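Residue numbering for the sequence shown follows UniProt numbering, beginning at 1 and increasing consecutively.
These notes are about the structure you will find just below.
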Amino acid sequence: MGYKVAVIGATGNVGREMLTTLAERDFPVDDVVALASEKSIGSQISFGDKSVLDVQDLAKFDFRGWDIALSSPSGAVSAQFSPKAAAAGCVVIDNTSHFRMDPDVPLIVPEVNPEALAGYTKRNIIANPNCSTIQMVVALKPLHDLAQVKRIVVATYQSVSGAGRDAMDELFNQTRAIYVNDPIEKKVFDKQIAFNVIPHIDTFMEDGSTREEWKMMVETKKILGSKITVAATCVRVPVFIGHAEAINVEFERPISAEDATEALRQAPGITVIDHRTDEGFVTPVECAGDDPVFISRIREDFSIENGLNLWVVADNLRKGAALNAVQIAELLVRDYLKK
Ligand code: 11C
Numbered sequence: 001m002g003y004k005v006a007v008i009g010a011t012g013n014v015g016r017e018m019l020t021t022l023a024e025r026d027f028p029v030d031d032v033v034a035l036a037s038e039k040s041i042g043s044q045i046s047f048g049d050k051s052v053l054d055v056q057d058l059a060k061f062d063f064r065g066w067d068i069a070l071s072s073p074s075g076a077v078s079a080q081f082s083p084k085a086a087a088a089g090c091v092v093i094d095n096t097s098h099f100r101m102d103p104d105v106p107l108i109v110p111e112v113n114p115e116a117l118a119g120y121t122k123r124n125i126i127a128n129p130n131c132s133t134i135q136m137v138v139a140l141k142p143l144h145d146l147a148q149v150k151r152i153v154v155a156t157y158q159s160v161s162g163a164g165r166d167a168m169d170e171l172f173n174q175t176r177a178i179y180v181n182d183p184i185e186k187k188v189f190d191k192q193i194a195f196n197v198i199p200h201i202d203t204f205m206e207d208g209s210t211r212e213e214w215k216m217m218v219e220t221k222k223i224l225g226s227k228i229t230v231a232a233t234c235v236r237v238p239v240f241i242g243h244a245e246a247i248n249v250e251f252e253r254p255i256s257a258e259d260a261t262e263a264l265r266q267a268p269g270i271t272v273i274d275h276r277t278d279e280g281f282v283t284p285v286e287c288a289g290d291d292p293v294f295i296s297r298i299r300e301d302f303s304i305e306n307g308l309n310l311w312v313v314a315d316n317l318r319k320g321a322a323l324n325a326v327q328i329a330e331l332l333v334r335d336y337l338k339k
């Protein structure tokens, strides 16, 4: 017997990837529904190779009798509909930032803190972390177990797909416009993204950080440990899919590059490619469409005590969003929602 699964925000980048991932991983479904706002009614979405779903109106949907909702609409839509679905008995796995810091909502990366999932019954909602946080904590967990992370300094190189399909179109259209000498149009990004980099993701906060930088800090503390300090600089780059991160870590105890590499090679969800030669590292275009978090450029940082540098790359729509959500659903049905 399988599960009845709703995908909320099914027409977006992540919603589509959620449907693809459910089908690819043979998640045991009895029924699947694609939900979106009224303006998407009439459109159809593929579920795997064989079936096509008619998009249904989220506002009119009755969640009673549905087991799991994978949710990736805007934060405001999630704020309205996730509690409604949860109250109807449907466990919501929410990809927005809205519930992540709620103490009654577990924030889960299955390779890192699966034990925290037990707390989901308080609100019937589980939060999926930000894509930049997910790939960083997957990379750091095996090292944290070895030598205890003390401080993280990270710079991100984030692809435009993190900002949605209009952002991908904007990169494409601006690139084309530059080649054919057309005027550059800016709608999603406040500066030109083609052939440029923008150190501004999400809104600015009072202390000068952006919310993306703040999310990386608070989410990492919630998942890995509150004593860890994080300094993040988040940057949008003209790449379609795949986020990269240059991570500098200071540990409580000594850790060699060799021991770190060995621990990372053994860890779930990670592929180490670090040959210290031309092409012996991974870049975002190579990770697009793949599941693992790729780690390269593992080296000691001799400018601080117990320091290490890493280059971490992952598909932000898969491990950074849809795949992590489906892996949470897999844990949920394995340990808590057995049929
Ligand atoms: C980006 N990381 O690349 C963002 C997208 O908090 O879930 C995801 C935002 C979030 O723009």
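From the three backbone atoms N, C-alpha and C, an ideal C-beta is built for every residue, glycine too.
All values reported here derive from a predicted model rather than from experimental measurement.
| Query | Result |
| --- | --- |
| Would you say Val55 and Ala85 are within 8 Å of each other, going by their C-beta atoms? | no |
| Kindly indicate which residue of Ala127, Ala116 and Glu111 has the alpha-carbon position closest to the one of Leu143. | Glu111 |
| Inspect the beta-carbon positions of Ile270 and Met136 and report whether they are closer than 8 Å. | no |
| Whole alpha helix (DSSP H) runs in the segment 135-209 with 4 or more residues, listed along the chain? | 165-180 |
| Report the residue from Trp66, Glu185 and Cys287 whose alpha carbon sits nearest the alpha carbon of Ser296. | Cys287 |
| Could you name the residues of the same chain whose beta carbon sits closer than 6 Å to that of Leu53, not counting the 5 residues immediately before and after it, in chain order? | Ala34, Ile45 and Phe47 |
| Leaving out five residues before and five after Ile193 in sequence, what residues of the same chain have Cβ atoms less than 7 Å from its Cβ? | Val160, Glu170, Leu171, Gln174, Arg236 and Pro238 |
| Taking DSSP as the reference, what is the three-state secondary structure of Ser43? | coil |
| Need the endpoints of the beta strand (DSSP E) that Phe61 sits in, please. | Taken as a continuous stretch (DSSP letters only), Phe61 belongs to no beta strand (DSSP E), as it is neither H nor E. |
| Using only the heavy atoms of the ligand 11C, determine whether one of them is closer than 7 Å to the beta carbon of Glu213. | no |
| If distances are taken between C-alpha atoms only, which option among Ala260, Gly65 and Pro284 comes closest to Phe240? | Pro284 |
| Sort out for me which residues DSSP pairs Val91 with in a bridge. | Ile68 |
| Using a Cβ-Cβ cut-off of 8 Å (strictly less than) and excluding sequence neighbours within five positions of Leu19, which residues of its own chain qualify? | Val7, Ala10, Val32, Ala34, Ile45, Ser46, Phe47, Gly48 and Leu53 |
| In this structure, how does DSSP classify Gly320 when only helix, strand and coil are distinguished? | helix |
| Given that a residue counts as buried once 16 or more other Cβ atoms are within 10 Å of its Cβ, and exposed if not, what is Gly12? | buried |
| Report the option in Asp102, Glu250, His200 and Glu24 whose CA atom is closest to the CA atom of Leu146. | Glu250 |
| When we look at the beta-carbon of Ile126 and count the other beta-carbons within 10 Å, is it buried (16 or more) or exposed? | buried |
| Roughly how far, in whole angstroms, is the beta-carbon of Val29 from the beta-carbon of Leu22, given that I think they are within contact range, below 8 Å? | 7 Å |
| Measuring CB atoms only, is the segment 64-76 touching the segment 91-108, in the sense that at least three cross pairs come out at less than 8 Å? | yes |
| Please report the residue range of the alpha helix (DSSP H) in which Glu115 lies. | Note, Glu115: premise wrong, no alpha helix (DSSP H); not H, not E. |
| Taking buried to mean at least 16 other C-beta atoms within 10 Å of its own C-beta, is Arg265 buried or exposed? | exposed |
| Got a sec, what are the start and stop residues for the alpha helix (DSSP H) Leu308 sits in? | Leu308 -> not in any alpha helix (DSSP H); beta strand (DSSP E) instead, spanning Gly307 to Ala314. |
| Roughly how far, in whole angstroms, is the beta-carbon of Ala321 from the beta-carbon of Glu17, given that I think they are within contact range, below 8 Å? | 7 Å |
| Would you tell me roughly how many angstroms separate the C-alpha atoms of Pro103 and Phe81, rounded to the nearest one? | 19 Å |
| Can you give me the Cβ contacts of Gly280 inside the same chain, cut-off strictly under 8 Å, excluding the 5 residues immediately before and after it? | Ile273, Asp274 and Ser296 |
| Taking buried to mean at least 16 other C-beta atoms within 10 Å of its own C-beta, is Thr220 buried or exposed? | buried |
| Can you tell me whether Met205 is buried or exposed, with buried defined as 16 or more other CB within 10 angstroms of its CB? | exposed |
| Cβ-heavy atom distance between Ser78 and the ligand 11C below 7 Å? | no |
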